[in-house]
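Chemist: Please see the structure below; I have some questions.
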Amino acid sequence: MTSLDVKAPAAGEAPSSPAGGPPRRRLRIPARIRRGGLPYLLLLPALLFELLIHLVPMVVGIVMAFKELTQFYIRDWGRAPWAGLENFRVAVDFDAPIGAELLHSFWVTCSFTVLTVGCSWLFGVSAAILMQESFRGRGLLRAVFLTPYALPAYAAVITWAFMFQRDNGLVNSVLGGDSFWLIGDNAFWALTTVAVWKTWPFAFLMLMAGLQNIPKELYEAASIDGAGIWQQIRRITLPSLRPVNQVLVLVLFLWTFNDFNTPFLLFGKGAPEAADLVSIHIYDSSFITWNFGSGSAMSVLLLLFLLLVTAVYLVITSRGRKGADA
Amino acid sequence: MRTMRAAAATALVIALTATAAACGGGTATNGEGSNKSPKKLTYWASNQGPSIEADKEILTKEIAKFEKQTGIDVELEVVPWSDLLNRILAATSSGQGPDILNIGNTWSASLQATGALLPWDDKTFDKIGGRDRFTESAVAAAGAEGKDPAAVPLYSLSYALYYNKKIFKDAGIAKPPATWDELVEAGKKVTKGDTYGLALEGSNLSNHIHQAFVLAKQHGADFFTADGKPDFTSDGAVAGVKQWVDFMAKDKITSKSAAEYAQNQSLSDFSKGKAAMVLWQAAASTFKSQGMDESEYGVAPVPVQSGTPGQGKQINSMVAGINISVFKNTDNLDGALQFVKFMTSDAEQKILNSTYGSIPPVKAAQQDAAFDKPDTAVLRDVLGTSAAPLPQVPEESQFETVVGTAIKDLFADAAAGRPVTTESVKAALGKAEQQMTKS
Numbered sequence: 012m013t014s015l016d017v018k019a020p021a022a023g024e025a026p027s028s029p030a031g032g033p034p035r036r037r038l039r040i041p042a043r044i045r046r047g048g049l050p051y052l053l054l055l056p057a058l059l060f061e062l063l064i065h066l067v068p069m070v071v072g073i074v075m076a077f078k079e080l081t082q083f084y085i086r087d088w089g090r091a092p093w094a095g096l097e098n099f100r101v102a103v104d105f106d107a108p109i110g111a112e113l114l115h116s117f118w119v120t121c122s123f124t125v126l127t128v129g130c131s132w133l134f135g136v137s138a139a140i141l142m143q144e145s146f147r148g149r150g151l152l153r154a155v156f157l158t159p160y161a162l163p164a165y166a167a168v169i170t171w172a173f174m175f176q177r178d179n180g181l182v183n184s185v186l187g188g189d190s191f192w193l194i195g196d197n198a199f200w201a202l203t204t205v206a207v208w209k210t211w212p213f214a215f216l217m218l219m220a221g222l223q224n225i226p227k228e229l230y231e232a233a234s235i236d237g238a239g240i241w242q243q244i245r246r247i248t249l250p251s252l253r254p255v256n257q258v259l260v261l262v263l264f265l266w267t268f269n270d271f272n273t274p275f276l277l278f279g280k281g282a283p284e285a286a287d288l289v290s291i292h293i294y295d296s297s298f299i300t301w302n303f304g305s306g307s308a309m310s311v312l313l314l315l316f317l318l319l320v321t322a323v324y325l326v327i328t329s330r331g332r333k334g335a336d337a
Numbered sequence: 003m004r005t006m007r008a009a010a011a012t013a014l015v016i017a018l019t020a021t022a023a024a025c026g027g028g029t030a031t032n033g034e035g036s037n038k039s040p041k042k043l044t045y046w047a048s049n050q051g052p053s054i055e056a057d058k059e060i061l062t063k064e065i066a067k068f069e070k071q072t073g074i075d076v077e078l079e080v081v082p083w084s085d086l087l088n089r090i091l092a093a094t095s096s097g098q099g100p101d102i103l104n105i106g107n108t109w110s111a112s113l114q115a116t117g118a119l120l121p122w123d124d125k126t127f128d129k130i131g132g133r134d135r136f137t138e139s140a141v142a143a144a145g146a147e148g149k150d151p152a153a154v155p156l157y158s159l160s161y162a163l164y165y166n167k168k169i170f171k172d173a174g175i176a177k178p179p180a181t182w183d184e185l186v187e188a189g190k191k192v193t194k195g196d197t198y199g200l201a202l203e204g205s206n207l208s209n210h211i212h213q214a215f216v217l218a219k220q221h222g223a224d225f226f227t228a229d230g231k232p233d234f235t236s237d238g239a240v241a242g243v244k245q246w247v248d249f250m251a252k253d254k255i256t257s258k259s260a261a262e263y264a265q266n267q268s269l270s271d272f273s274k275g276k277a278a279m280v281l282w283q284a285a286a287s288t289f290k291s292q293g294m295d296e297s298e299y300g301v302a303p304v305p306v307q308s309g310t311p312g313q314g315k316q317i318n319s320m321v322a323g324i325n326i327s328v329f330k331n332t333d334n335l336d337g338a339l340q341f342v343k344f345m346t347s348d349a350e351q352k353i354l355n356s357t358y359g360s361i362p363p364v365k366a367a368q369q370d371a372a373f374d375k376p377d378t379a380v381l382r383d384v385l386g387t388s389a390a391p392l393p394q395v396p397e398e399s400q401f402e403t404v405v406g407t408a409i410k411d412l413f414a415d416a417a418a419g420r421p422v423t424t425e426s427v428k429a430a431l432g433k434a435e436q437q438m439t440k441s
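First to last, the sequence lines map onto chains H and X.
Under our numbering, the letters of the first sequence match residues 12 to 337, in that order.
Under our numbering, the letters of the second sequence match residues 3 to 441, in that order.
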């Protein structure tokens with residue numbers, strides 16, 4: 012709001028200063044509305060579509076969570092009885108099978124997310140720093156690093172699924188073992204590998220952009236002062252990347268936690284227990300069981316959790332930044 | 003500025019209220035069918051042939067006859083199996099669906115429960131020549147017991163045992179196994195090196211259900227009680243599932259790699275001679291497309307525990323097949339019924355079923371010489387004498403997923419060399435059963 016308030020008069024001023032020519036009388040809108048309204052008018056299309064594409068389905072989903080929307084009612088939602096908090100009660104009753112499965116899936120997703128975001132960031136930052144120095148073939152290497160990000164997820168993950176096959180897969184022939192990767196406990200590692208492979212180029216791209224903004228003089232001054240490469244990274248690079256990291260880690264976290272394509276394409280329906288991510292779990296709980304109320308309730312819980320994490324994260328990081336600024 | 007803010011807030015509230023009202027209202031799909039647009043029909047066909055394109059070609063040719071007879075314009079869409087159920091769900095909840103559609107017959111009771119499909123009472127059946135024209139077992143797989151069917155059988159299939167004649171001959175096996183003991187014995191005889199006795203798919207959920215259903219029945223058990231409650235942990239159900247997993251875990255007549263098969267890899271293993279036997283429904287066209295000649299394999303009924311196939315504990319296949327349904331809110335009810343009549347006419351049944359390698363559920367068409375081929379003759383006999391429909395309960399789709407996944411996990415155990423015991427099978431099925439019930 013604040014930024015809009017500042018801009019508003021500036022935007023409204025242009026038409027209200029007739030620099031010659033006959034004044035147009037037909038469209039006479041009071042100056043007050045003209046001045047205040049224009050930014051909102053310009054925002055209106057975006058706002059409408061935002062409402063239509065994001066907010067409306069979200070609200071519908073939240074309403075569904077309070078209904079007993081099973082196959083008996085999907086033909087006419089209006090008839091579906093209100094379930095109150097029943098759907099939520101079943102989802103968080105961790106002693107009962109449905110709640111216990113959801114909790115298990117939640118822990119799997121947490122470890123998957125931490126590993127994926129951690130590795131992606133680490134790979135991203137290492138590659139970005141290496142790519143700072145100019146050397147022969149740097150452009151090519153950059154392009155190669157970014158390929159996973161440019162490939163369509165479907166094609167890429169299907170290819171990985173082939174590579175993870177036990178008999179004819181590339182992974183086993185390179186590692187020389189005969190383990191299963193797509194079933195059983197190894198499925199978790201297969202899933203994490205693919206997710207990291209798919210995610211880290213984005214981290215690389217963002218961090219590379221961030222590195223461009225660090226003045227060269229800082230490094231020169233540091234090396235004159237006798238700082239080694241590690242010290243330069245620790246004392247200059249990482250602190251300077253802080254604002255980039257703050258956004259990057261949050262975005263990576265949200266994307267990874269919600270990832271549906273990767274597990275669904277790797278395992279299809281009925282993901283192995285070790286790789287039962289929460290998004291797949293919710294899909295199974297609504298589309299396979301045809302209990303959309305229960306699935307929606309789980310989605311709402313997921314939404315609340317992600318909102319909470321985001322809020323806490325933003326509070327902590329911005330407090331840290333204020334402290335640093337002071 | 004304050005007024006603008008108030009206006010924005012008001013707009014938001016209005017939008018939210020409108021949304022809530024919209025989803026509260028739902029769509030007006032509870033109307034019965036009408037004949038508002040008598041010259042147009044939409045048909046969603048399932049994928050029965052080697053590809054979507056091939057199906058389009060086959061069906062367009064037949065539908066042209068119908069269009070000529072009636073002057074009704076039929077818009078055909080062949081929907082892949084991976085999308086069909088979700089498309090039907092979306093059509094059901096939005097009310098924007100086709101007039102006529104194919105459904106897998108195991109979904110009949112689930113879709114019947116939504117109330118979106120036209121029920122086939124005797125009067126409606128009479129419009130397409132009467133219920134008696136169809137085999138009883140196929141009609142039984144078109145909806146829950148005691149209710150008017152939600153669909154009409156279109157193509158019927160059953161399981162059969164396909165065996166490689168050469169491998170059998172080389173091992174000195176004179177005739178295909180008729181009991182499971184014989185199958186295991188034959189399997190052990192031929193399993194050596196890269197060749198295995200039996201090909202199966204450890205990650206194929208619906209196939210697991212089909213096999214577990216038959217084996218449990220043979221042990222005298224059902225996965226659902228008479229009043230529709232899940233009952234997965236009875237001794238018979240456990241024994242049936244264990245027998246299926248034991249082909250890999252104990253008998254070791256199947257390749258460990260099969261634990262991750264889910265997409266017809268068992269059929270290619272069989273057609274490449276890497277496995278001597280496979281249990282499948284109407285696999286002839288697939289073998290042909292993979293270069294295996296009809297003369298190279300034999301077809302026999304699926305084994306039983308002992309004795310000969312029959313009803314009750316002696317069944318050896320589910321009633322597999324495709325049903326055709328009419329959406330209740332169609333705008334061309336008469337036309338839709340005419341179309342179902344056309345598709346289930348004796349002449350069309352012969353043409354379509356012989357093209358697809360399935361068996362006509364229409365009795366009169368079944369006796370045609372086109373279905374006397376070695377494999378179709380077996381399928382036909384099994385359907386007539388020793389097949390039973392999967393449980394027709396609204397939770398069928400959920401049952402397939404939870405029990406199918408449990409069996410998939412057991413195969414993963416077997417492949418990793420972990421023991422599969424009666425206790426571990428019972429525990430896995432117990433967990434699956436708990437997921438079927440709320441709270």
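Beta carbons are placed, not taken as given, at the ideal position from N, Cα and C, and that holds for glycine.
In terms of residues, what are the limits of the alpha helix (DSSP H) holding H/Tyr-84?
Modeler: That residue, H/Tyr-84, is in no alpha helix (DSSP H); it is neither H nor E in DSSP.
Chemist: Give the interface partners of H/Glu-348 over in chain X, defined as CB-CB distance under 8 Å, in chain order.
Modeler: Because chain H in this structure spans residues 12 to 337, residue 348 of chain H falls outside the shown range and cannot be described.
Chemist: Report the three-state DSSP secondary structure of X/Glu-55 (helix, strand or coil).
Modeler: Of the three classes helix, strand and coil, the one that applies to X/Glu-55 here is helix, per DSSP.
Chemist: Mind listing, in chain order, the continuous beta strand (DSSP E) runs of no fewer than 3 residues lying wholly within the segment 112 to 163 of chain X?
Modeler: If we require 3 residues or more, the beta strand (DSSP E) runs fully inside the segment 112 to 163 of chain X come out as 154 to 159.
Chemist: Starting from the N-terminal side, write out each stretch of the alpha helix (DSSP H) that is 4 residues or longer and does not extend beyond the segment 328 to 406 of chain X.
Modeler: List check, alpha helix (DSSP H) in window: 335 to 345, 348 to 358, 365 to 368 and 376 to 387.
Chemist: Given that a residue counts as buried once 16 or more other Cβ atoms are within 10 Å of its Cβ, and exposed if not, what is H/Pro-41?
Modeler: That one is exposed.
Chemist: Which one of X/Pro-396, X/Lys-258, X/Ala-366 and X/Lys-167 has the shortest CA to CA distance from X/Asp-134?
Modeler: Out of X/Pro-396, X/Lys-258, X/Ala-366 and X/Lys-167, X/Ala-366 has the C-alpha closest to the C-alpha of X/Asp-134.
Chemist: Would X/Phe-249 and X/Ser-273 qualify as a contact pair, given that the criterion is a beta-carbon distance under 9 Å?
Modeler: No, these two residues do not count as a Cβ contact at 9 Å.
Chemist: Answer yes or no: do X/Val-304 and X/Ala-162 have a C-beta to C-beta separation smaller than 9 Å?
Modeler: Yes; because the gap between Cβ atoms is below 9 Å, this pair is in contact.
Chemist: With 7 Å as the C-beta to C-beta threshold (strictly closer), list the residues of the segment 184 to 209 of chain H near chain X in chain order.
Modeler: Residues Phe-191, Leu-193, Ile-194 and Gly-195.
Chemist: Mapping the DSSP letters down to three states, classify X/Leu-202 as helix, strand or coil.
Modeler: If DSSP states are grouped into helix, strand and coil, X/Leu-202 belongs with coil.
Chemist: Could you compute how far the alpha carbon of H/Pro-250 sits from the alpha carbon of H/Asn-256?
Modeler: Each residue's alpha carbon lies about 10 Å from the other.
Chemist: Can you list, in chain order, the residues of its chain whose CB lies under 8 Å from that of H/Trp-190, leaving out five sequence neighbours each side?
Modeler: Looking at the sequence shown, residue 190 of chain H is not Trp but Ser. These residues qualify, in order along the chain: Arg-177, Asn-183 and Asn-197.
Chemist: Is there a Cβ of chain H sitting closer than 9 Å to that of X/Asp-411, yes or no?
Modeler: Yes, X/Asp-411 lies at the interface with chain H (some Cβ there is under 9 Å from its Cβ).
Chemist: Give me the Cα-Cα distance between X/Val-280 and X/Lys-177, rounded to the nearest whole angstrom.
Modeler: If I take the Cα positions, the gap works out to 15 Å.
Chemist: Per DSSP, which one or two residues make a beta bridge with X/Lys-168?
Modeler: DSSP lists no partner for X/Lys-168.
Chemist: For H/Ala-161, which of helix, strand or coil comes out of DSSP?
Modeler: In the structure shown, H/Ala-161 sits in a helix (DSSP, three-state: H, G or I).
Chemist: Alpha carbons only, please: which of X/Val-216, X/Gln-437 and X/Asp-75 is nearest the one belonging to X/Ala-390?
Modeler: Closest option to X/Ala-390, Cα to Cα, is X/Val-216.
Chemist: Buried or exposed, going by whether 16 or more other CB atoms sit within 10 Å of the CB of X/Asn-355?
Modeler: X/Asn-355 should be labelled buried.
Chemist: Using 9 Å as the threshold, is the C-beta distance between X/Leu-202 and X/Leu-185 below it?
Modeler: No.
Chemist: May I ask you to list the residues that DSSP assigns as paired with X/Phe-226?
Modeler: Partner(s): X/Pro-232.
Chemist: Label X/Trp-83 either buried or exposed according to how many other C-beta atoms from any shown protein chain fall within 10 Å of its C-beta, with 16 as the threshold for buried.
Modeler: Under this definition X/Trp-83 is an exposed residue.
Chemist: Please tell me whether X/Ser-39 has its Cβ less than 9 Å away from any Cβ of chain H.
Modeler: False, the Cβ-Cβ gap to chain H never drops below 9 Å.
Chemist: Taking 9 Å as the cut-off, decide whether the C-beta atoms of H/Leu-263 and H/Thr-120 are in contact.
Modeler: No, they are not a contact pair.
Chemist: Taking Cβ positions only, does X/Ala-153 come closer than 9 Å to chain H?
Modeler: With 9 Å as the cut-off, X/Ala-153 does not count as an interface residue toward chain H.
Chemist: Starting from the Cα of H/Ala-286, find the closest Cα among H/Leu-53, H/His-115 and H/Pro-108 and give me that residue.
Modeler: Measuring from the Cα of H/Ala-286, the nearest candidate turns out to be H/His-115.
Chemist: Quick check on X/Lys-191 - is its C-beta less than 9 Å from some C-beta in chain H?
Modeler: Not an interface residue.
Chemist: Please report how far the alpha carbon of X/Thr-346 lies from the alpha carbon of H/Ala-282, in whole angstroms.
Modeler: Approximately 39 Å between the Cα atoms of the pair.
Chemist: Tell me, to the nearest whole angstrom, how far the beta carbon of X/Val-384 is from that of X/Asn-325; I am working on the premise that it is less than 8 Å.
Modeler: At roughly 19 Å, the Cβ-Cβ gap does not stay under 8 Å, so X/Val-384 and X/Asn-325 are not in contact.
Chemist: For X/Ala-429, which beta-bridge partners are listed by DSSP?
Modeler: None; X/Ala-429 has no bridge partner.
Chemist: Check the Cβ-Cβ distances between H/Ala-107 and every residue of chain X, and say whether any is below 9 Å.
Modeler: Taking Cβ atoms only, chain X reaches closer than 9 Å to H/Ala-107, which makes this a yes.
Chemist: Express the C-alpha separation of X/Asp-75 and X/Asp-411 in angstroms, rounding to a whole number.
Modeler: Each residue's Cα considered, the two are about 48 Å apart.
Chemist: With 8 Å as the limit, tell me which residues of the segment 65 to 94 of chain X have their beta carbon closer than that to any beta carbon of chain H; keep them in chain order.
Modeler: Answer set for the segment 65 to 94 of chain X: Asn-88, Leu-91 and Thr-94.
Chemist: So H/Thr-300 contacts chain X; which residues on that side make the cut at Cβ distance below 7 Å?
Modeler: Here the neighbours are Gln-400.
Chemist: Are at least three pairs of beta-carbons, each pair with one atom in the segment 270 to 281 of chain H and one in the segment 160 to 176 of chain H, less than 8 Å apart?
Modeler: Short answer: they touch.
Chemist: Quick check: what's the CA-CA separation for X/Thr-116 versus X/Phe-226?
Modeler: Going by the C-alpha atoms only, they are around 20 Å apart.
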